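K.L.:
In our numbering, the protein residues as written are 73 to 281. Can you read through this structure? Questions will come right after.
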């Protein structure tokens, strides 16, 4: 994996974190309703869920590599196809107003919020599919220590997600106001994400082995 490929992965991860989704909406809703501590606990919960998916992906992909390099190549192609599908679906979807629950009412405890976020992420099959589809695109099964490369990429995206979510929580007041007032920003971010997914999927087709 070259530095260029790693930086491309970092860029894709940053775009992914910035696009409003169910996790961000839940996190910011809890932050507004109960304060920044609640938002931070949600961010930590989602991040722990990401590591659970990472462990599963590393174990699964490592097993495939150990079995057959050809099988791993097939997994990469299937993942590339899935990313292209996600990208086209994202580009075709329409963005509407983002509704956040801003009522200042008593809510669950910090521990409950953390576990709710964790379970929400762990039980989301789309997150598992994303890890299995994205990580192999930046790994060569014949290169030294492919499992360590997969682990490095997974830790990278999780660290970026945690840092990004913490920043969003700390800036929650201005961020949520912008999301509610201006859907143009989220629409452009969504287009960027869709284009990124398609580009990553097509990258494998033109990649020289």
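Each residue gets a CB set at the ideal place from its N, CA and C atoms; glycine is no exception. Bear in mind the structure is a predicted one, so any value in this text is a computation, not a measurement.
Between which two residues does the alpha helix (DSSP H) containing residue 140 stretch?
P.N.:
It is not in any alpha helix (DSSP H) - residue 140 carries neither H nor E in the DSSP assignment.
K.L.:
Under 8 Å by Cβ, that's how I've got residue 115 and residue 237 pegged, so tell me the actual separation to the nearest angstrom.
P.N.:
The pair is a contact, with the Cβ atoms about 4 Å apart (cut-off 8 Å).
K.L.:
DSSP state of residue 176, grouped into three classes?
P.N.:
Below a pLDDT of 50, predicted positions are generally treated as unreliable, and residue 176, at 48, falls in that range; the measurement from the model is reported next regardless. Residue state, collapsed to three classes: coil.
K.L.:
Label residue 101 either buried or exposed according to how many other C-beta atoms from any shown protein chain fall within 10 Å of its C-beta, with 16 as the threshold for buried.
P.N.:
Burial call: buried.
K.L.:
Let's see if you can read the secondary structure: which residues bound the alpha helix (DSSP H) around residue 226?
P.N.:
Unbroken alpha helix (DSSP H) run through residue 226: 218 to 242.
K.L.:
Residue 192: which of 81, 124, 235 sits nearest, CA to CA?
P.N.:
With distances taken between Cα atoms, residue 192 lies closest to 124.
K.L.:
Run the CB neighbour count on residue 135, radius 10 Å, all protein chains shown included, and call it buried at 16 or more, exposed below.
P.N.:
Result: exposed.
K.L.:
Within 10 Å of its beta-carbon, does residue 88 have 16 or more other beta-carbons around it, so buried, or fewer, so exposed?
P.N.:
So residue 88 counts as buried.
K.L.:
In chain order, what residues of the same chain have a beta carbon less than 8 Å from the beta carbon of residue 130, not counting five sequence neighbours either side?
P.N.:
Taken in chain order, the residues that qualify are 219, 222, 223, 226.
K.L.:
Could you pull the start and end residues of the alpha helix (DSSP H) that residue 82 belongs to?
P.N.:
Unbroken alpha helix (DSSP H) run through residue 82: 75 to 90.
K.L.:
Between which two residues does the alpha helix (DSSP H) holding residue 192 run?
P.N.:
Start and end: 182 to 194.
K.L.:
Judging by CA-CA distance, which residue of 152, 185, 158 is the nearest neighbour of residue 208?
P.N.:
For the residues 152, 185, 158, the minimum Cα distance to residue 208 belongs to 152.
K.L.:
In this structure, does DSSP put residue 211 in helix, strand or coil?
P.N.:
DSSP places residue 211 in coil when its eight states are reduced to three.
K.L.:
Taking only the alpha-carbon atoms, compute the straight-line gap between residue 232 and residue 86 and give it to the nearest angstrom.
P.N.:
Cα to Cα, residue 232 sits roughly 7 Å from residue 86.
K.L.:
What number of angstroms, rounded off, separates the C-alpha of residue 200 from the C-alpha of residue 266?
P.N.:
Those two C-alpha atoms are separated by around 18 Å.
K.L.:
Residue 210 and residue 81 look like a contact to me (Cβ under 8 Å); what is the Cβ gap, rounded to whole Å?
P.N.:
Sure, about 5 Å apart at Cβ, within 8 Å.
K.L.:
How long is the line joining the alpha carbons of residue 137 and residue 108, rounded to whole angstroms?
P.N.:
Distance between the alpha carbons of residue 137 and residue 108 is about 43 Å.
K.L.:
Does residue 94 come within less than 8 Å of chain B when only Cβ atoms are used?
P.N.:
Absence of chain B from the displayed structure is noted, only one protein chain being present.
K.L.:
Go ahead and pull the three-state DSSP assignment for residue 270.
P.N.:
Helix.
K.L.:
Taking 8 Å as the threshold (C-beta atoms), are residue 241 and residue 111 in contact?
P.N.:
Taking 8 Å as the Cβ cut-off, residue 111 and residue 241 qualify as a contacting pair.
K.L.:
Taking residue 128 as the reference, which of 205, 146, 93, 158 has the closest Cα?
P.N.:
Checking every option, the nearest Cα to that of residue 128 belongs to 205.
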